[in-house]
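Asker: Numbering (my numbering), first residue to last: 1 to 224. Beta carbons: idealized from backbone N, C-alpha and C, even for Gly. Structure in structure tokens, see below.
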């Protein structure tokens with residue numbers, strides 16, 4: 001029997017691991033600063049960019065989407081290749097995914113302190129960044145489903161189903177909650193109003209906790 005040789009893409013795993021550690025430190029430091037601001041308002045420094053109201057969404061976005069997001073991608077890229085016995089579908093898509101996600105994080109780090117926000121909790125980023133999030137997520141989805149399609153292991157381990165649920169559901173949550181009417185490059189208004197806006201927002205918020213912060217890590221727990 002001829003032995004088949006193949007290799008995994010560990011570089012993308014390493015890149016997401018480094019990003020996880022960097023953004024984890026940044027997110028926690030911003031959180032520490034705003035915690036002290038509650039007790040010592042002087043730490044707002046008299047500047048609009050460093051007030052609690054602007055740094056708090058920066059902290060939550062950094063911890064959820066930068067720290068946890070990069071950790072999730074790191075775990076999925078590592079485990080998916082091994083439970084499918086296949087290299088990722090496209091190294092190029094992996095790189096686009098990585099740098100695209102870091103671009104989203106940097107965009108948030110610039111716009112939120114400037115007060116450029118939709119004012120929707122956990123979905124504060126304005127419409128150009130929302131579009132970028134959707135595009136990068138599609139890149140991730142193509143790469144993941146392509147890898148599953150070319151897998152060498154016939155059996156689909158349970159972790160894969162958690163990853164699939166994450167990719168599909170987060171896409172639906174983000175797109176539905178982010179339907180906006182742009183006014184200019186830095187301002188938009190939600191398509192929904194009043195009670196409907198609040199319902200859609202917290203349908204998104206609570207399910208984001210379920211499918212961004214929980215489901216992928218359940219899959220990783222099954223793997224590890």
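(1) Ignoring anything shorter than 3 residues, give me the beta strand (DSSP E) runs that lie fully in the region 39 to 125, in order along the chain.
(2) Shorter than 7 Å from the beta carbon of residue 169 to some beta carbon of chain B?
(3) Is DSSP giving residue 34 helix, strand or coil here?
(4) Among 202, 68, 177, 218, which one has its Cα closest to the Cα of residue 28?
(5) Checking the sheet assignment: what are the DSSP bridge partners for residue 180?
(6) Can you tell me the Cα-Cα spacing of residue 218 and residue 46, whole angstroms?
(7) Within the same chain, show all residues whose beta-carbon is closer than 6 Å to that of residue 162, passing over the 5 residues directly before and after it, in chain order.
(8) Is the separation between the beta-carbon of residue 58 and that of residue 30 shorter than 7 Å?
(9) With H, G and I counted as helix, E and B as strand and the rest as coil, what does DSSP make of residue 9?
(10) Closest to residue 208 by CA distance: which of 106, 136, 65 is it?
(11) Rounding to the nearest angstrom, what Cα-Cα distance links residue 52 and residue 7 in this structure?
(12) Quick check on the burial criterion: 16 or more other C-beta atoms within 10 angstroms. Buried or exposed for residue 73?
(13) Please report how far the alpha carbon of residue 194 lies from the alpha carbon of residue 121, in whole angstroms.
(14) Could you check which residue in 37, 11, 157, 204 has the C-alpha nearest to that of residue 179?
(15) Starting from residue 144, follow the alpha helix (DSSP H) in both directions and report where the run begins and ends.
(16) Taking residue 153 and residue 83 to be in contact with their CB atoms under 8 Å, please state how far apart those CB atoms are, rounded to whole angstroms.
(17) For residue 224, which of helix, strand or coil comes out of DSSP?
(18) Do residue 15 and residue 98 have their CB atoms nearer than 7 Å?
Answerer: Short version:
(1) none
(2) The chain inventory of the structure shown lacks chain B, comprising one protein chain alone.
(3) Residue mapping note: residue 34 aligns to position 34 of the chain shown, counting from 1. In the structure shown, residue 34 sits in a helix (DSSP, three-state: H, G or I).
(4) As a working note, residue 28 is residue 28 in the chain shown. When only C-alpha atoms are compared, the closest one is 68.
(5) Here residue 180 refers to the residue found at position 180 when the chain shown is read from its first residue. Note: residue 180 sits in a beta bridge opposite 190.
(6) Position 218 of the chain shown holds residue 218. Position 46 of the chain shown holds residue 46. Between the C-alpha atoms of residue 218 and residue 46 there is a straight-line separation of about 43 Å.
(7) Position 162 of the chain shown, counted from the first residue, corresponds to residue 162. 215, 218, 219.
(8) Residue mapping note: residue 58 aligns to position 58 of the chain shown, counting from 1. Residue mapping note: residue 30 aligns to position 30 of the chain shown, counting from 1. Going by C-beta atoms, residue 58 is nearer than 7 Å to residue 30.
(9) Position 9 of the chain shown holds residue 9. Coil at residue 9, not helix or strand.
(10) Residue mapping note: residue 208 aligns to position 208 of the chain shown, counting from 1. In this structure, 65 is the residue among 106, 136, 65 with its C-alpha nearest to the C-alpha of residue 208.
(11) By 1-based counting over the chain shown, the position of residue 52 is 52. By 1-based counting over the chain shown, the position of residue 7 is 7. Rounded to whole angstroms, residue 52 to residue 7 spans 47 Å at the Cα level.
(12) Within the chain shown, the letter at position 73 stands for residue 73. Result: buried.
(13) Mapped onto the chain shown, residue 194 falls at position 194. Mapped onto the chain shown, residue 121 falls at position 121. Approximately 15 Å between the Cα atoms of the pair.
(14) In the chain shown, counting from the first residue as 1, residue 179 sits at position 179. Considering only alpha carbons, the answer is 204.
(15) If you number the chain shown from 1, residue 144 lands on position 144. Residue 144 -> alpha helix (DSSP H) spans 127 to 149.
(16) For the purposes of this step, residue 153 is taken as residue 153 along the chain shown, with counting starting at 1. For the purposes of this step, residue 83 is taken as residue 83 along the chain shown, with counting starting at 1. Going by Cβ atoms, the distance from residue 153 to residue 83 rounds to 7 Å, so yes, they are a contact pair.
(17) In the chain shown, counting from the first residue as 1, residue 224 sits at position 224. Of the three classes helix, strand and coil, the one that applies to residue 224 here is coil, per DSSP.
(18) Counting from 1 along the chain shown, the entry for residue 15 is found at position 15. Counting from 1 along the chain shown, the entry for residue 98 is found at position 98. Yes, Cβ-Cβ distance for residue 15 and residue 98 is below 7 Å.
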